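Residue numbers (our numbering): 1108 to 1550.
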């Protein structure tokens, strides 16, 4: 009897020990095999932290998600009220369109809505040609600006993403471009618009009615199609989706870039080369991971001094360094943020003057030697003036090796200024005395 009791106790202890050592996975956890898409990524929209990826750096065709880059370039370089006379080439771009005609006049704003809401290829070419003179010239601008936004494995050839063997990007690059674009208020307004009207033009007597092609807004019109999420059938429409852009060609298959927000959390999900409605299913799994499966932690406030940089000039100038923006990180619920390793990197060569907002280094947080998030460190103010004057005087008096020391020179200058003040005082006193004598003599 005692033996049986002991065996039962041992078995219970083993079970309890096993249970306590298991890392219970969140119901929102996903693996690469859960996604149909060949390339996918989820990032925190504010910090850019990569939270999940599947072949995120694999070059693939982006189809009409290309238009995210086209739109943000146009928004930054042109005025919304500029009137564009449609050229003779763009109306024949092929694919989806807003039926532009050569010689027709529309504003940049109207063409942008056509570009992003109904994915109009003719609008894409019209904007590109107006901006740069040709599709080829605009492609050069696209590649230059994409690199500035953080793209590292892309080559853009067209403004719309119609099939071209050389027109490629990655899920990661599109996420970086989308993250950059979503910082532009007008871009956000356009991609969150579900319907838009283009009034009659000089060549069109009827109003054009544009409707979003993104079924995350209201599902597939006239359809009761559902997607499977964690074993449950749910509608495609998703309340937390903000925008951005979907795309399709036979070669690229279904592509989707999506921004979603809930409370103070915002994420961007990218899926490339997915299949049918699986692009919505893949995206929903990614977004749910961010919105519900992770804990968000603020590691550093924007106003928090991270490091004080000392420049060894005469005054030993001290420059406080601040994060460019709030340092936010998403972690699985069982990870303690205090276990992260913080590393501060300062640029190797820093010279005065230092300008306000100048990037002087970065702060990164690591988990098991893996970089989770990195934020630039900037100067909060200008540092020049007397510090720069000291550098100049050092250059004049030390590097040129004058006959007299700098201390001797400033001592002499001080004596001369005192002598000048005394001389002015004496002259003024003498003048006053002379005037008094003259007045006395006259009286």
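Beta carbons are placed, not taken as given, at the ideal position from N, Cα and C, and that holds for glycine. In this text, all values refer to a predicted model and were calculated from it rather than measured experimentally.
The alpha-carbon of residue 1271 is positioned some 36 Å away from that of residue 1341.
When the Cα atoms are used, residue 1254 and residue 1474 turn out to be separated by approximately 28 Å. Here DSSP, grouped into helix, strand and coil, assigns residue 1367 to strand. In this structure residue 1485 is buried. Its beta-carbon is surrounded by 16 or more other beta-carbon atoms within 10 angstroms.
For the 7 Å CB-CB criterion, residue 1376 and residue 1149 form a contact.
For the options 1142, 1441, 1154, the alpha carbon positioned closest to that of residue 1408 is the one of 1154. DSSP, reduced to helix, strand and coil, places residue 1210 outside both helices and strands of the structure shown, so it counts as coil. For the pair of segments examined, the segment 1178 to 1186 was found to touch the segment 1284 to 1302: the number of CB pairs separated by less than 8 Å reaches three. Pairing residue 1205 with residue 1315 gives a Cβ-Cβ distance under 7 Å. In the three-state scheme derived from DSSP, where H, G and I count as helix and E and B as strand, residue 1469 is classed as strand.
One thing to note: residue 1456 has its Cβ no nearer than 7 Å to the Cβ of residue 1469.
For residue 1429, the three-state secondary structure derived from DSSP is strand. As a beta-bridge residue in DSSP terms, residue 1160 pairs with 1148.
Restricting attention to 1182, 1209, 1187, 1184, the CA atom closest to the CA of residue 1195 is found in 1209.
By the C-beta density criterion, residue 1142 is buried, having at least 16 other C-beta atoms within 10 angstroms. In this structure, DSSP gives residue 1464 a state outside helix and strand, which the three-state scheme calls coil. Straight through space, the alpha carbons of residue 1169 and residue 1359 are spaced by roughly 6 Å.
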